[in-house]
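Engineer: First the structure, which I've put down as structure tokens, then a few questions once you've had a look.
Protein chains in written order, with this note's numbering: chain X, 59 to 271; chain H, 59 to 271.
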């Protein structure tokens, strides 16, 4: 088990018991996600953008249009990427101890604009497969024009922290005898039934890598 | 219908067709959410923190421990709050046109530390009810010590933008005849079965405001 770094930014200031230092847990939180929230500073203000991402080893990839404001952050500036899974609402006997069960990863770093064409393709494949496993080998791959319109950023996972809570309520001792129900209401994210594009021009069945998720 | 503001930050730079300018839509996106991602600048770096929130009229409330790093952002600094609902994976014929269906709200503003006790209580009620409707009137309310440990921030919804995508794939004309299935895989967030705290000391049924969600 590789320990995550503990720079001043990623040493947990609060709720240390919820911190995790295992790199495999960081990978697991990232691999289970669909979108991240990307934090950049634009004109002196923080900007938080939901976007897709992908992971290859200890590198996270994000992409965007070459014209996107969020990618026009100054070169050398630090960004923050957060991936959060909300797993349940923790209903305590007291309002004060209400909480959520969750898994979250927070990554800091100075992104690198990927210029190598092979790495650009690999990064885009990782981003596509994160949202839609199996689609990179199934759909039409990017052509030269599409690649030219796409910026790919790489972010090292070196400086990262993981926090989790997966437990029942933690109430004050004197509250346990109150006649108040307490527990956890799980939040479950599932897939609906695939909706075929009405603009299909031929009869193609839903591929197993989509219907079987 | 009240139009949302359009300051340079919230005028949509890209995908203008996905922008919404109706204040009711902003409220709807916020009211349907469970957590937000709060962006602050700490020591010159962006920091993106998942946290609860609540809305009263055109004010958003967030809270935290009085010791939390994320709330120690410099007074007068702008923050960004983003709420995102992921509604579906858009599977196009080309990798390039893969997308997601979503609803997201982004709010910018300088937060105000709430000091009025009535507003602090109202803000905490809104935050609690956002995550767990019905609990403010059911669970034990905060006592003086708990209130003293809690910081409540208010953020005006004046400067906000809403983006949505709710459609099938939009492929290049020449790709429609490819023998590739295209469509949308819905992402559905639901509630699991309430899990009663094994530390209950008496037999209390799950209240209807929890079991009936």
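Beta carbons are placed, not taken as given, at the ideal position from N, Cα and C, and that holds for glycine.
#1: In this structure, how does DSSP classify residue 225 of chain X when only helix, strand and coil are distinguished?
#2: Excluding the 5 residues flanking residue 272 of chain X on each side, which residues of the same chain have their C-beta closer than 7 angstroms to its C-beta?
#3: Ordered along the chain, which non-local residues of its own chain (more than five positions away) have a Cβ less than 8 angstroms from that of residue 229 of chain X?
#4: Run the CB neighbour count on residue 145 of chain H, radius 10 Å, all protein chains shown included, and call it buried at 16 or more, exposed below.
#5: Taking a cut of 8 angstroms between CB atoms, which residues from the stretch 102 to 117 of chain X lie near chain H?
#6: Along the chain, which unbroken stretches of the alpha helix (DSSP H) at least 4 residues long are found entirely within the stretch 106 to 194 of chain H?
#7: Of all the options H/233, H/251, H/147, which has the alpha carbon lying nearest to the alpha carbon of residue 244 of chain X?
#8: Across which residues does DSSP place residue 211 of chain H in a beta bridge pair?
#9: Anything in the stretch 78 to 102 of chain X with a Cβ closer than 7 angstroms to a Cβ of chain H? List those residues in chain order, please.
#10: For residue 268 of chain X, which residues in the same chain have their Cβ closer than 6 angstroms to its Cβ, ignoring the five residues on either side in sequence?
#11: Considering residue 99 of chain H, what are the terminal residues of the beta strand (DSSP E) in which it resides?
#12: Please report whether the beta-carbon of residue 237 of chain X lies at a distance below 7 angstroms from any beta-carbon of chain H.
#13: How would you list, in chain order, the residues of chain X whose beta-carbon sits under 9 angstroms from the beta-carbon of residue 151 of chain H?
#14: Using the DSSP secondary-structure output, state which residues sit across from residue 241 of chain H in a beta bridge.
#15: Tell me the DSSP secondary structure of residue 271 of chain H in three-state form.
#16: Using the C-alpha atoms, what's the distance from residue 136 of chain X back to residue 217 of chain X?
#17: Can you grab the Cα-Cα spacing for the pair residue 212 of chain X / residue 221 of chain H, in whole Å?
#18: Ends of the alpha helix (DSSP H) at residue 87 of chain H?
#19: Using beta-carbon positions only, say whether residue 181 of chain X and residue 119 of chain X come within less than 7 angstroms of one another.
Structural biologist: Quick look at the numbers:
#1: In the first chain, counting from the first residue as 1, residue 225 of chain X sits at position 167. If DSSP states are grouped into helix, strand and coil, residue 225 of chain X belongs with coil.
#2: Any question about residue 272 of chain X goes unanswered here, given that chain X covers just 59 to 271.
#3: Against the first chain, residue 229 of chain X aligns to sequence position 171. Excluding positions up to five away in sequence, the list reads 150, 151, 152, 155, 240.
#4: Counted from its first residue, the second chain places residue 145 of chain H at position 87. By the neighbour-count rule (16 or more Cβ atoms within 10 Å), residue 145 of chain H is buried.
#5: 102, 103, 104, 105, 106, 107, 108, 110
#6: Entirely contained in the stretch 106 to 194 of chain H, the alpha helix (DSSP H) runs reaching 4 residues are, in chain order, 175 to 189.
#7: Numbered from its first residue, the first chain carries residue 244 of chain X at position 186. Closest by C-alpha distance to residue 244 of chain X, out of H/233, H/251, H/147, is H/251.
#8: As a working note, residue 211 of chain H is residue 153 in the second chain. Looking at the DSSP assignment, residue 211 of chain H forms a beta bridge with H/120, H/171.
#9: 92, 93, 95, 97, 98, 99
#10: To locate residue 268 of chain X, count along the first chain from 1; it is residue 210. Correct list, in chain order: 252.
#11: Along the second chain, read from residue 1 onward, the residue named residue 99 of chain H stands at position 41. Note, residue 99 of chain H: beta strand (DSSP E), 93 to 100.
#12: Counting from 1 along the first chain, the entry for residue 237 of chain X is found at position 179. So yes, residue 237 of chain X belongs to the interface.
#13: Your numbering for residue 151 of chain H matches position 93 in the second chain. Those are 197, 198, 255, listed as they occur along chain X.
#14: Start at 1 with the first residue of the second chain, and residue 241 of chain H comes out as number 183. Note: residue 241 of chain H sits in a beta bridge opposite X/254, H/149.
#15: If you number the second chain from 1, residue 271 of chain H lands on position 213. DSSP places residue 271 of chain H in coil when its eight states are reduced to three.
#16: Here residue 217 of chain X refers to the residue found at position 159 when the first chain is read from its first residue. Here residue 136 of chain X refers to the residue found at position 78 when the first chain is read from its first residue. Looking at the two C-alpha atoms, the distance is approximately 11 angstroms.
#17: On the first chain, position 154 is the one that residue 212 of chain X refers to. On the second chain, position 163 is the one that residue 221 of chain H refers to. Straight-line Cα distance between these residues: approximately 26 angstroms.
#18: Translated into positions along the second chain, residue 87 of chain H becomes position 29. Start and end: 81 to 89.
#19: Counted from its first residue, the first chain places residue 181 of chain X at position 123. Counted from its first residue, the first chain places residue 119 of chain X at position 61. In contact: residue 181 of chain X and residue 119 of chain X (Cβ atoms closer than 7 angstroms).
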